[in-house]
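Engineer: FYI, in the numbering used here the residues of the sequence shown are 31 to 131.
The beta-carbon is built from N, C-alpha and C at its ideal position, and this holds for glycine as well.
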Amino acid sequence: MQRTPKRGGQRPGAGRPKKKRPAAPIQEPIGPVLAARLAQARKEREAATGEVMSLRDLAAASGISVPTLRQALAGKADLRASALRGLAAALRVRLGWLVGE
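(1) Report, in whole angstroms, the separation of the C-beta atoms of residue 68 and residue 102, which I expect to be a contact under 8 Å.
(2) Should residue 96 and residue 110 be called a contact, given that it needs their Cβ atoms to be closer than 8 Å?
(3) Using the Cα positions of residue 120 and residue 75, report the straight-line distance between them to the nearest angstrom.
(4) Round the Cβ separation of residue 63 and residue 129 to the nearest angstrom and send it over; I've been treating them as touching at under 8 Å.
(5) Can you tell me where the alpha helix (DSSP H) with residue 113 in it begins and where it stops?
Printed below as a string of structure tokens:
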């Protein structure tokens, strides 16, 4: 006596080859670019207004902590988009310019 397989016994798509996903683009780290742009924006703002923007002032205006800001200035921080937007607003620069776009 020969047994026939039950319907629905196999997983859906079990015999089909899997589709390959395209590889994600490799992103360059923005840390060094961000550090250079932060320093440049602070200098330009100081030249324009005649006031030095301290780390505490910039941290308070951007909504991030002083230690995080120090890491960003050292090129080692991995900031969230909200922190980047806050920095751009505090320095009065475009976000795209700040991250090197």
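Structural biologist: On the basis of the supplied data:
(1) Residue 68 sits at position 38 when you count from the first residue of the sequence shown. Residue 102 sits at position 72 when you count from the first residue of the sequence shown. Right, their Cβ atoms sit about 6 Å apart.
(2) Start at 1 with the first residue of the sequence shown, and residue 96 comes out as number 66. Start at 1 with the first residue of the sequence shown, and residue 110 comes out as number 80. No, the pair does not count as a contact, with Cβ atoms beyond the cut-off.
(3) As a working mapping, residue 120 is identified with position 90 in the sequence shown. As a working mapping, residue 75 is identified with position 45 in the sequence shown. Cα to Cα, the separation comes out at about 10 Å.
(4) Mapped onto the sequence shown, residue 63 falls at position 33. Mapped onto the sequence shown, residue 129 falls at position 99. For a cut-off of 8 Å, the C-beta gap from residue 63 to residue 129 is around 7 Å, short enough to register as a contact.
(5) Within the sequence shown, the letter at position 83 stands for residue 113. Here the alpha helix (DSSP H) through residue 113 covers 111 to 121.
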